[in-house]
Each structure stands twice: as C-alpha cells, then as structure tokens.
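Enquirer: Dumping the structure here so I can ask a few things about it.
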Amino acid sequence: RRITATSLEIQLKLKNRHGVQRTLTLEEQFLSSIDSTDFKDICQGNIEFFKHYLQANFNYSAFCNRTARAKNPLQQFDDLTSYMALYGLAHYQRMRTIIDYVQVMPHFKITQPIEACVVDYGCGQGIASLAFIDHLIESKLQIKCLKLVLIEPSAHALKRAVYWIEKKAKAAEINIEVIALACTFDELEPDYLASNIKQYPCFHLFNNILDMYSAGIFSLSKLTQLIKMQPNENFIFAVSPDFSSGNRGFDALHELTRPNTIYLNTTGTIEVEEYRYTSQKTSMRKAPVRVYAAKL
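For the sequence shown, the positions run -14 to 281 when my numbering is used.
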C-alpha cells in the first residue's frame, strides 16, 4: 500500500509544553529521522524513503504533469520527497560549482568574521542556501551574522528549508537568522529586505528558477528593480540546467540588471550525482549547465 502524508501517521507519542500527548505526523517523523548535518545525507534520506515507500507507484509523467515539471509550488509530501530524491544532489552540485569557482567572499579576509545577507529566490527546500553555507564553512570563514531570506510560495517546502538550515546552523555552531517569506516574487513588498540586511553585502541566489521567467510565471523586470533598490553591495548567482527556456531568463536577467562586474556568464558541463529510479542506483553523469555570477 502506498504510504502518503495523508494516509499514515507515525505512532510516536510526545507531550507538548502543556503536557498533552500528540502523535507525530509523517512529516515530523520523516524530518527527525534524517541526519541533516550533511546535504548528501539529507538527499540519501529522501532517496531511501522514495525507494521504500513511493517508487513502486511513482509515475514520472504524472509527476511532471502535476507539478508542471516542478514549476508549480510543490505542496505534497510525496512530491517534495520525490523531487529531493531525484534532483537534490544535482541542483546542489550545480550551485556549489558556481559559488566555489567565483569564491563568494573575495573581499573578506579569513580573520574577518562575515556579516552578510543571502536571499534565496524560490528556495524550495533550501538547496541553494545550504550550498552557500557549506561553501562558507569549508572555506574556513568565520560567520558572525548571516541573515538568510527564504522566498517560496509553498509553505510545506519552506518549512523543510527552514528545518534543514537551522539543523545545519546548530551542528556547525554558526549564527544564522532565517526570515521565511511564503509568497511569490510578484507579491514581495518593495522593502522586503530593508529591515533585515542593515549594511551587509547581499547575495541573491537563483537556483533552477529562471526558466519560470519565460513561462510568464513572474515579472523579472519587477524583481530586478526591487533588487537594484537595495543600497548595499549586491551579488547575483544563478544556475540551472542548460536549456532554451532557462537561457532566455538568464539573458533577461543580465539585460535588466546591467551589472558593474561579471564573474561568469556562460554555459558548460559539470559532473553531477543523481539517483536513477529506473536502475535504483546513484551515479555520476555529465550535465550541461548555464551559470551567471555578477556584482551590481
């Protein structure tokens, strides 16, 4: 029998602060069961759940149709878990490739604690943010204060992103303040960053998002105007698989922002790791990517 968030509750009793017992939902039990200190472990936990409980009834065509190839906000437990199992590692590795190549903190010294803001647009389950945080940690950069603004219309996906990120911050003993905005890009207020970033440099992350521009899902012109209104140093990092609809979004982003400095604006091929549900194995493959990195 297919196990879904609506058909099963884990029979584990907890007491809340008022002493009342309650049963953990599948979502809560699922999150707490995964070692979330390492992104690969997060993906592996999703893969194992997918293999044991979802794969037997998984229909890729139905998944693509239901989610518009993941352009629609992912609201269901099954879809969120399937997406992370099938695509999480590859999307993380694409973002790490561009961040590691550019070295996002070139003007920070190793001995200077970092104060910065990161904005993750269409964050989903927080893949780009986790890639950014891991880059800082592995670069041995001390983090004094990292303001992390997550923008995502799916409250369910946003909840997972906040959970993974806060677990990472606790394990790494770093100071991260998460601001979660459950809305579309077009619903952002003009001052959506004003109270959060002070005078910090701001890093705007677009991970597998710009293909939605050509589908007319949001106004990139409006969004870039909001970004350019911010008085701080603004950096943009964008990456996605290399395909025509996504490339139109990259070209529009470049024209609309007209950055002062361009670090990367190209296509290429990188090695990514993916779980192949047809073979039930994780393997490496060469994947075409489009990347863009600039300072406004």
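Glycine is no exception: its CB is placed at the ideal position from the N, C-alpha and C atoms. Because the structure is a prediction, the values reported are computed rather than measured.
Taking Cβ to Cβ, would you say L211 is nearer than 8 Å to P175?
Expert: As a working note, residue 211 is residue 226 in the sequence shown. As a working note, residue 175 is residue 190 in the sequence shown. Against a cut-off of 8 Å, the Cβ pair of P175 and L211 comes out as a contact.
Enquirer: Among L281, P226, P98, which residue has its Cα nearest to the Cα of K257?
Expert: Your numbering for residue 257 matches position 272 in the sequence shown. Residue identity check: residue 257 is Val in the sequence provided, not Lys. Residue P226 is the option with its Cα nearest to V257.
Enquirer: Use the C-beta contact count for Y45: other C-beta atoms within 10 angstroms, 16 or more gives buried, fewer gives exposed.
Expert: Start at 1 with the first residue of the sequence shown, and residue 45 comes out as number 60. By the 10 Å Cβ count, Y45 comes out exposed.
Enquirer: Helix, strand or coil: how does DSSP classify R54 here?
Expert: What you label residue 54 is simply residue 69 of the sequence shown in a count that begins at 1. If DSSP states are grouped into helix, strand and coil, R54 belongs with coil.
Enquirer: Does A279 come out as helix, strand or coil in the three-state DSSP assignment?
Expert: Here the question's residue 279 lines up with position 294 in the sequence shown. Note: A279 maps to strand in three-state DSSP.
Enquirer: On a CA-only basis, which of I19, T169, L65, V224 is nearest K207? Give me that one, please.
Expert: Taking the sequence shown and counting its residues from 1, the one referred to as residue 207 is at position 222. Out of I19, T169, L65, V224, T169 has the C-alpha closest to the C-alpha of K207.
Enquirer: Helix, strand or coil, according to DSSP, for S199 in the structure here?
Expert: One-based indexing of the sequence shown puts residue 199 at position 214. If DSSP states are grouped into helix, strand and coil, S199 belongs with the helices.
Enquirer: Strictly by DSSP, which residues pair up with I161?
Expert: Position 176 of the sequence shown, counted from the start, is the residue given in the question as residue 161. Paired residues: L131.
Enquirer: By alpha-carbon positions, which one of L190, S264, S204 ends up nearest to I84?
Expert: Residue mapping note: residue 84 aligns to position 99 of the sequence shown, counting from 1. For the residues L190, S264, S204, the minimum Cα distance to I84 belongs to L190.
Enquirer: Using the rule of at least 16 other Cβ atoms within 10 Å of the residue's Cβ for burial, across every protein chain shown, is Q110 buried or exposed?
Expert: Here residue 110 refers to the residue found at position 125 of the sequence shown. Under this definition Q110 is a buried residue.
Enquirer: Cα separation between S204 and M214?
Expert: Sequence index remark: in the sequence shown, residue 204 carries index 219 (1-based). Sequence index remark: in the sequence shown, residue 214 carries index 229 (1-based). Approximately 16 Å, taken between the alpha carbons.
Enquirer: K132 and I164: beta carbons closer than 8 Å?
Expert: Within the sequence shown, residue 132 is the residue found at index 147, counting from 1. Within the sequence shown, residue 164 is the residue found at index 179, counting from 1. Contact flag set, yes.
Enquirer: Quick one: measure Cβ to Cβ for S230 and S268, integer angstroms, because I've assumed they're closer than 8 Å.
Expert: Locating residue 230 in the sequence shown gives position 245, counting from the first residue. Locating residue 268 in the sequence shown gives position 283, counting from the first residue. No, S230 and S268 are not in contact; Cβ-Cβ is about 26 Å, not under 8 Å.
Enquirer: Between the alpha carbons of V224 and L11, how many angstroms are there, rounded?
Expert: Along the sequence shown, one-based indexing puts residue 224 at 239. Along the sequence shown, one-based indexing puts residue 11 at 26. Rounded to whole angstroms, V224 to L11 spans 32 Å at the Cα level.
Enquirer: Would you be able to state if there are at least three C-beta pairs under 8 Å between the region 148 to 167 and the region 114 to 122?
Expert: Contact holds: three or more Cβ-Cβ distances are below 8 Å.
Enquirer: In whole angstroms, what is the alpha-carbon distance linking A75 and E259?
Expert: Reading the sequence shown from its first residue, position 90 is the one you call residue 75. Reading the sequence shown from its first residue, position 274 is the one you call residue 259. So the alpha carbons of these two residues sit roughly 6 Å apart.
Enquirer: Hey, Y185 and A53 are a contact pair by Cβ (cut 8 Å); roughly how many whole angstroms apart?
Expert: Here residue 185 is taken as the residue at index 200 of the sequence shown, counted from 1. Here residue 53 is taken as the residue at index 68 of the sequence shown, counted from 1. With a Cβ gap of about 35 Å, Y185 and A53 do not count as contacting.
Enquirer: Looking at the structure shown, is F228 part of a helix, part of a strand, or coil, going by DSSP?
Expert: As a working note, residue 228 is residue 243 in the sequence shown. Coil at F228, not helix or strand.
Enquirer: Three-state secondary structure (DSSP) at I19?
Expert: Here residue 19 refers to the residue found at position 34 of the sequence shown. DSSP places I19 in coil when its eight states are reduced to three.
Enquirer: Could you please give me the residues that DSSP links to V274 through a beta bridge?
Expert: If you number the sequence shown from 1, residue 274 lands on position 289. DSSP lists P226, G253 as partners of V274.
Enquirer: Rounded to whole angstroms, what is the Cα-Cα separation between F188 and D196?
Expert: Working through the sequence shown from its first residue, we reach residue 188 at position 203. Working through the sequence shown from its first residue, we reach residue 196 at position 211. If I take the Cα positions, the gap works out to 20 Å.
Enquirer: For F24 and A70, which I take to be in contact (beta-carbon distance under 8 Å), what is that distance rounded to the nearest angstrom?
Expert: Here residue 24 refers to the residue found at position 39 of the sequence shown. Here residue 70 refers to the residue found at position 85 of the sequence shown. That pair is no contact at about 13 Å.
Enquirer: Taking F191 as part of the beta strand (DSSP E), name the residues at either end of that continuous run.
Expert: Taking the first residue of the sequence shown as position 1, residue 191 is located at position 206. Where F191 is concerned, the enclosing beta strand (DSSP E) stretches over 187 to 192.
Enquirer: Which residues in the same chain as L16 place their Cβ atom closer than 6 Å to its Cβ, once the five residues preceding and following it in sequence are excluded?
Expert: Here residue 16 corresponds to residue number 31 of the sequence shown, with the count starting at 1. So the qualifying residues of the chain are Y148.
Enquirer: Under the three-state reduction of DSSP, which class applies to Y106: helix, strand or coil?
Expert: Along the sequence shown, read from residue 1 onward, the residue named residue 106 stands at position 121. It is a strand residue.
Enquirer: Under three-state DSSP, which class holds L238?
Expert: The count along the sequence shown starts at 1 and reaches residue 238 at position 253. Here L238 sits in helix by DSSP.
Enquirer: With three or more beta-carbon pairs closer than 8 Å as the criterion, would you say the region 247 to 255 touches the region 58 to 69?
Expert: With the cut-off at 8 Å, the region 247 to 255 and the region 58 to 69 do not touch.
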